[in-house]
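Trainee:
Numbering (the numbering used here), first residue to last: 298 to 1281.
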């Protein structure tokens, strides 16, 4: 379980960091650095096995029937990336300790940071492509939290939203492409996908799946035309920018291109799509970087350009170009992380990142200036530094490419021009900031940072120098090991020596450095004097404006659709939904047809007919009484629900009957609470009565038509035998594989337990949302000023559920007996729930219906004694019930994984107890207990939240003239306390 622990370690560290005190900056940074260091050491210990050519795997079976398992896989390429993620992550954590302010909630920052590291490790180490997409989307979510960390700043919020929108949308396209790729290969396992390159490219779905996967990869790595989001992410703290640009978020896209290179590369489609996007991004990013006046903005556009260089190399369909791409991924990570941290030091110590205000900082911070000079030279591709070597390999690939004549001519020229731009913006970063006369009127007096703030930059710059001076010894074995899985075949011949003679790549390098220096001289004075209000040529093409414009168009279109289709009245909305659903079903049946099966029929009895006559009468009565008396309509609606429950009993479905009955009770109470909020019906008078009758007739006809159609579909389904019916599958396997004879319950807690888990998660979210929305809600003040009702009759009390003062004034004896009975009902419902819960695996029952039964018992106490009395005597902690249930369900699933079984697999233990004798305890018992806990907590939380609001609406008038909101709340609380005393 070493690899699984490696993947889980950052997430565990994130959870621990979140629990640290808010201003524990040193403790949080130390913890994050130690977690990253432990992960890096664990990755480093895998080097001997990976270098020997092994592919390390650890697998947890998740959904083996459809080939979706949780696989952690490490080959040479994944090992290299994991080292970058953990190693640079450790250095950034050390750096962030001194960069972050004491006023910042630093533990929250490091919690997000470690979770982001874990998500990126998940992308790198995934051995299943569906699993890879899951972690891919996690990186988008955690980068959103990190970019928007300073959420009080508008630019941080906008940058985070843009990054999440672009990369999240690309992730959806990637998911579709991955599903198509798995369909073509016949497996989602990465090993099977990597071995099926020829079959994938010969398939008819190759082009659509390629386009979808490229949409995900190119948007993640900010490639044209998705390049605009990355510079807007510079509102994040500098440690985030350093980590995001060097080893994580934006590198995920090029990682995916390299990961799937053996499968997707080699075709004309790959060349034109990938190489074109890479070349456009390379030139555009480098050009825009020259005109940036913000240090981080300059580095952001340079990252866009270098990612374009890597993408272009991967798009050339050359094995040697793939090796060069892997090499530049390593080099770019080292010099770009050091440059971002150097920019952060300048900002931290001088108070600004504006290049036009900075000058001569080498006098105040000579060590930082030296480090920035070396890192910038590596970015520009100066000899004896690592960037020079990968740039030479890039030039060689553009010169010796074999393609169309205009491509062979254009590509080297474009590469050389981009390198000129890179030299120019590198000179701007170093010379304009650290050389020249001393800057004056800076927000702070610049000086060297504390020693440990420079240590991460020193280590990275030392690595740039070491790789540039002795590449074969320092990086040669790692590069060969990392590039081998990307090439996916025999490795091409390449050399990492410093001198290859006077050749075309060397001449191109010299021209690029000379031309870039000349461009810098030409641009230096106009940029410092602010002569250009916009960037030449591309000043009007603002990515932020285009993005906002697209969102505005989408919002405008949505409003138009809303104006066309939406209405505040429920009836037209229901009509539209029913018509769309009926059209969809009719269209699907038009081609397949509808026929009855030959399954033996159950004879129709008069008792069943009588049940449905009563149910239909109740349904019609509910529809007609809704116009005059809502309470009567609600009672008749309950009668229709009772007929449905009896129908389930008739068809030998007692589990469904029990659940339906309990749900009917709970929803009736919910409707009763809701009726208190609804306004009185306004009489329509004589306003177009004919139109009203026609509308009701139309609705009645449509309802009958849809009801008959659904009845026909149900009849056709139930009369079909196997293999058209899935019931034999569950009937045959419920006892031997699920350990229970109650097929319905076995399906819910075993065969389809994952569906049940999703349903209770949704139920818990809904309950918490209702609670959060209503707990601080107050009715309008005018409703508090309405005249209070002084007396009430017993008939009023039947509909006024919670009004303790009125009850005491008029009918103390009327409520006394029901209150006693209701309190006696609570232990009865508890025992009934225990009975239903314990027998659920073999007889009708289970955790869901048991939770509803207990909820009904507690709701009865609330109805009779009031919410304050119950909460004063019985502390339920309903949110904890939901949390406990969800954690128990999760732990049950993880327990099966620990024993090597798929997630949520049920195992039955046969125990021999002294008094009770033989007992069979399935692990699904604990899953069902979690369902029970969530259902009970969620049901009571929703209903009590509504009941609290009803109490507020029933209080006597509060004098609000001249009062503050605090005094009104005090008066409200005093009345609630008085109500509690009356009830007790």
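All C-beta atoms in this analysis are idealised placements derived from N, C-alpha and C, irrespective of residue type, glycine included.
Everything numeric in this text was worked out from a predicted model, so none of it was measured.
1. List the endpoints of the continuous alpha helix (DSSP H) containing residue 1209.
2. Looking at the structure shown, is residue 402 part of a helix, part of a strand, or coil, going by DSSP?
3. Given a cut-off of 8 Å on the beta-carbon distance, is the pair residue 336 and residue 318 in contact?
4. Would residue 586 and residue 598 be called neighbours here (beta carbons separated by less than 8 Å)?
5. Apart from the five residues on each side of it in sequence, which residues of its chain come closer than 6 Å, Cβ to Cβ, to residue 1038?
6. Per DSSP, what are the beta-bridge partners of residue 1216 in this structure?
7. Within 10 Å of its beta-carbon, does residue 683 have 16 or more other beta-carbons around it, so buried, or fewer, so exposed?
8. If we cut at 8 Å on Cβ distances, does residue 934 have a partner in chain D?
9. Residue 611 and residue 694 - do their beta-carbons sit closer together than 8 Å?
10. Please list the terminal residues of the continuous alpha helix (DSSP H) segment that includes residue 558.
11. Would you say residue 523 and residue 482 are within 8 Å of each other, going by their C-beta atoms?
12. According to DSSP, is residue 564 part of a helix, a strand, or is it coil?
13. Can you tell me whether residue 1282 is buried or exposed? The criterion is at least 16 other CB atoms within 10 Å of its CB, across all chains shown.
14. Which residue or residues does DSSP assign as beta-bridge partners of residue 425?
15. On the three-state DSSP scale, how would you describe residue 1047?
16. Below 8 Å between beta carbons: does that hold for residue 959 and residue 1153?
17. What residue from 1018, 944, 919 and 505 has the CA that sits closest to residue 895's CA?
18. List, from N- to C-terminal side, the alpha helix (DSSP H) runs of 4 residues or more that fit wholly inside the stretch 352-388.
19. What number of angstroms, rounded off, separates the C-alpha of residue 646 from the C-alpha of residue 742?
20. Under 8 Å Cβ to Cβ from residue 740, same chain only, skipping five residues before and after it: list those, please.
21. Between which residues of its own chain and residue 293 is the CB-CB distance below 8 Å, once the five residues before and five after are set aside?
22. By how many angstroms is the C-alpha of residue 472 removed from the C-alpha of residue 311?
23. Do the stretch 531-547 and the stretch 624-640 meet, that is, are 3 or more Cβ pairs less than 8 Å apart?
24. Going by CA-CA distance only, name the one from 445, 411, 950 and 549 that's closest to residue 305.
25. Can you give the beta carbon distance from residue 950 to residue 912, rounded, assuming they're within the 8 Å contact cut?
26. Report yes if the CB atom of residue 750 is closer than 8 Å to the CB atom of residue 395, and no otherwise.
27. Nearest-angstrom Cα distance between residue 825 and residue 729?
28. Rounded to the nearest angstrom, what separates residue 1118 and residue 1182 at their Cα positions?
29. Which residues mark the beginning and the end of the alpha helix (DSSP H) in which residue 329 is found?
30. Using a Cβ-Cβ cut-off of 6 Å (strictly less than) and excluding sequence neighbours within five positions of residue 339, which residues of its own chain qualify?
31. For residue 285, does the count of other Cβ atoms within 10 angstroms reach 16, so buried, or fall short, so exposed?
32. With distances taken Cα to Cα, identify the nearest neighbour of residue 514 among 571, 537 and 499.
33. Assign residue 330 to one of two classes, buried (16 or more other C-beta atoms within 10 Å of its C-beta) or exposed (fewer than that).
34. Please check the pair residue 558 and residue 783, which I expect to be a contact at CB under 8 Å, by giving their CB distance rounded to whole angstroms.
35. Roughly how many whole angstroms lie between the Cα atoms of residue 919 and residue 874?
36. What are the complete alpha helix (DSSP H) segments, minimum 4 residues, inside the stretch 484-543?
Mentor: The answer reads as follows:
1. It is not in any alpha helix (DSSP H) - residue 1209 instead sits in the beta strand (DSSP E) that spans 1205-1210.
2. In the structure shown, the three-state DSSP call for residue 402 is coil.
3. No, they are not a contact pair.
4. Yes, the pair counts as a contact, with Cβ atoms nearer than the cut-off.
5. Result list for residue 1038: 1032 and 1139, in chain order.
6. Under DSSP, the beta-bridge partners assigned to residue 1216 are 1208.
7. Buried, because 16 or more other Cβ atoms sit within 10 Å of the Cβ of residue 683.
8. Going by chain labels, chain D is absent from the structure shown, which holds only one protein chain.
9. Remark: C-beta atoms of residue 694 and residue 611 do not approach each other more closely than 8 Å.
10. Counting along the chain, residue 558 sits inside the alpha helix (DSSP H) bounded by residues 558-561.
11. Not in contact: residue 523 and residue 482 (Cβ atoms no closer than 8 Å).
12. In this structure, residue 564 counts as coil in the three-state DSSP scheme.
13. With the chain running from 298 to 1281 in the structure shown, residue 1282 is simply not present.
14. DSSP output for residue 425 lists 486 as bridge partner(s).
15. In the three-state DSSP reduction, residue 1047 falls in the helix class (H, G or I).
16. Result yes, Cβ atoms of residue 959 and residue 1153 sit closer than 8 Å.
17. With distances taken between Cα atoms, residue 895 lies closest to 1018.
18. Counting only runs of 4 or more, we get nothing.
19. It is roughly 7 Å from the alpha-carbon of residue 646 to the alpha-carbon of residue 742.
20. 647, 648 and 649.
21. Absent from the structure is residue 293, since the part of the chain shown begins at 298 and ends at 1281.
22. If I take the Cα positions, the gap works out to 27 Å.
23. Here the stretch 531-547 makes contact with the stretch 624-640; the two share three or more CB pairs at distances below 8 Å.
24. For residue 305, the nearest C-alpha among the options comes from 411.
25. Going by Cβ atoms, the distance from residue 950 to residue 912 rounds to 16 Å, so no, they are not a contact pair.
26. It is a contact, given that the beta carbons lie within the stated cut-off.
27. Cα-Cα distance, rounded: 9 Å.
28. In a straight line, the C-alpha of residue 1118 is about 30 Å away from that of residue 1182.
29. Per DSSP, residue 329 belongs to the alpha helix (DSSP H) from 322-341.
30. 303.
31. The structure shown does not extend to residue 285, since the chain is modelled only from 298 through 1281, so no value can be given for it.
32. For residue 514, the closest C-alpha among the options 571, 537 and 499 is that of 571.
33. Buried, because 16 or more other Cβ atoms sit within 10 Å of the Cβ of residue 330.
34. About 5 Å; that satisfies the 8 Å criterion.
35. For residue 919 and residue 874, the distance between alpha carbons rounds to 21 Å.
36. Within the stretch 484-543, the complete alpha helix (DSSP H) runs of at least 4 residues fall at 487-491, 494-498, 503-517, 526-529 and 535-543.
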